[in-house]
Amino acid sequence: MLPLRLYAVATSIVVALYALLPSSTNRSAFFLLVTIGVMPAVLVALRRAPAGWRLAWWLLLAAMTLYNIGTVIWLWIVVVDGNTTGDGTVAEVFLGAGSILVLGTALVVIVQRGRRDIGGIIDSVITALALTGIFWDSLLLPALSDQHATAGRQVAVFVNVLVMAGTLGALLRISLASPADAGELTSVRLLTVSVGIALFGNVAGALAVDPLTGARADWTNVAYLAAYAVLGCAALHPSVATVTRPGEAPVDDLSTRRLAFLGAMLALSPLIGGGRVIFGLPTDGTLIALSSAALIPLVMIRIARLSQARRRPSGHSAGWRPPTRSPGCPTARPASTTSPRRSRPTRPGSPCCSATSTASNR
């Protein structure tokens, strides 16, 4: 735990310095120190993971590499070239590709730890489509339209939010539905917090933009740094060795809560989009139509899988127990068809007879 504590303290100090120093100063070194500092932490996680179960950490290492390349390009465009922002440039390509690899990491964890939890993957896609539709129609599209953002910038924001929402849904599935002990899931839950902060940073970064200069609000960078810091803590936590080990399949039942979740995810995007149309606000009808067309069959497939799992025979009834032998009773031996010897009948009223009759009456 000592490396984790040292990393957490050091990273917190760097993030605090970045937040407290005035934005007019060159703080690129602090930013890169946090983002590049995640790489050794992921390498430690890669080494701790059992052999044959390291694919998720390889993907995460590749994602951090792409993130850092995109960050260096972004800082070069702003600091060296003197532009107000690096958003909407080639840096977005590397940052978006890194987000896709982080989603791949979460899906690998679902497949390996959740024993091919197909239901969890479907839930992740449903969550991604529903949350992205909400964010896009109610927040992102109006803000990007007011900023006169280019088509490339809009696509980059949409893809980032979609991928981050899917990753968050996948990690929440493991964190909340897995029957494992809480200690074994600490690393996964830290990853979930990191992705949640990054999703907040993506949405806030698209909203908090100066309409005159096009520059993002400086505090949004603090959200990104906090996400990197929590990710490093997740990679250094001792429970990281159990993240990708096969565990018990998550509890998957056709409960009222599950049906309410699926129904809410199905209704939210059309409900918000329709409400904006009623009040004369701009909305993306194409996105609502496409997301609804994708969500409806996914929800139907999910309900069908849950229903099949519920009807599947369980082998034994919940209250069945094998009959037990009373103390002092000899073990019953089956009568042989070839031997002239036969088992002697048990005397009425003996403990063995009482135990047998009790078991037969259950």
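Under UniProt numbering, the sequence shown has 41 at position 41, and the numbering climbs by one with no breaks.
We treat Cβ as the ideally placed atom computed from N, Cα and C, and that holds for glycine.
Q. Between the region 161 to 170 and the region 90 to 104, are three or more C-beta pairs nearer than 8 angstroms?
A. yes
*Contact check, I272 vs I134, beta carbons under 8 angstroms*: yes
Report task. Let me know the alpha helix (DSSP H) ranges lying completely inside the region 115 to 179, each 4 residues or longer, listed in chain order. Result -> 118 to 135, 141 to 146 and 151 to 177
Exercise. For G201 versus Y228, is the C-beta distance shorter than 8 angstroms?
Worked result: no
*asked:* What does the Cβ neighbour count give for V38, buried or exposed, with the cut at 16 atoms within 10 Å?
replied: buried
The alpha helix (DSSP H) with R276 in it runs from where to where? T256 to I278
- If you draw a straight line from the alpha carbon of G119 to that of V155, how long is it in whole angstroms? 28 angstroms
Sorted by chain position, which residues of the same chain lie with C-beta nearer than 7 angstroms to L4's C-beta, five sequence neighbours on each side aside?
C233, L236 and H237
Margin query: For F30, which residues in the same chain have their Cβ closer than 7 angstroms to its Cβ, ignoring the five residues on either side in sequence?
Written below: V14, L17 and Y18
query: What residues in its chain sit with their C-beta under 7 angstroms from that of R258, if we drop five residues either side in the sequence?
result: L306
message = Let's see if you can read the secondary structure: which residues bound the alpha helix (DSSP H) around P50?
response = It is not in any alpha helix (DSSP H) - P50 carries neither H nor E in the DSSP assignment.
Distance CB(L287)-CB(W136) smaller than 8 angstroms = yes
- Kindly indicate the opening and closing residues of the alpha helix (DSSP H) around T11. L2 to L20
field: Bridge partners - R216, DSSP secondary structure assignment
entry: V209
- Message: Does S23 come out as helix, strand or coil in the three-state DSSP assignment?
- Response: coil
Cα separation between E92 and P142? 21 angstroms
Status (buried if at least 16 other CB within 10 Å, exposed otherwise) for M300: exposed
*Taking DSSP as the reference, what is the three-state secondary structure of T85?*
coil
**Report entry** Residues near Y7 in its chain [Cβ-Cβ closer than 7 angstroms; skip 5 each side]
**Finding:** A41, G232, C233 and L236
field: Assigned exposure category for N26 - 16 Cβ within 10 Å defines buried
entry: exposed
Exercise. For P282, name the three-state secondary structure that DSSP assigns.
Key: coil
- CA nearest to the CA of D87, picked from I303, A293, G152 and A63: G152
*Name the residue from I174, A260, V157 and V230 whose alpha carbon lies nearest to the alpha carbon of R245.*
I174
Expected contact under 8 angstroms - CB spacing of V203 and L139 to nearest Å
7 angstroms
- Query: Taking DSSP as the reference, what is the three-state secondary structure of T244?
  - Reply: coil
By Cβ distance, which residues of its chain are closer than 6 angstroms to S187, with the 5 residues on each side in sequence left out? A234, H237, S239, V240 and V243
Open item on the list: Which residue wins for smallest C-alpha separation from residue 364, given the options A217, L268 and R47?
Closed with: Outside the shown range of the chain, which is 1 to 362, sits residue 364, and nothing can be said about it.
* Where does I296 land, buried or exposed, given buried means 16+ other C-beta within 10 angstroms? -> exposed
Notebook entry, point to check: Exposed or buried, which one is R47 when buried takes at least 16 other CB atoms within 10 Å?
Noted result: exposed
Would you kindly work out how many angstroms separate the C-alpha atoms of A63 and P270, rounded to a whole number? 33 angstroms
Item to complete: Ignore the nearest five residues each way along the sequence and tell me which others in W53's own chain have a CB closer than 7 angstroms to its CB.
Response: Q112, T244 and R245
Exercise for review: Consult DSSP for V111 and reduce its assignment to one of helix, strand or coil.
Suggested key: helix
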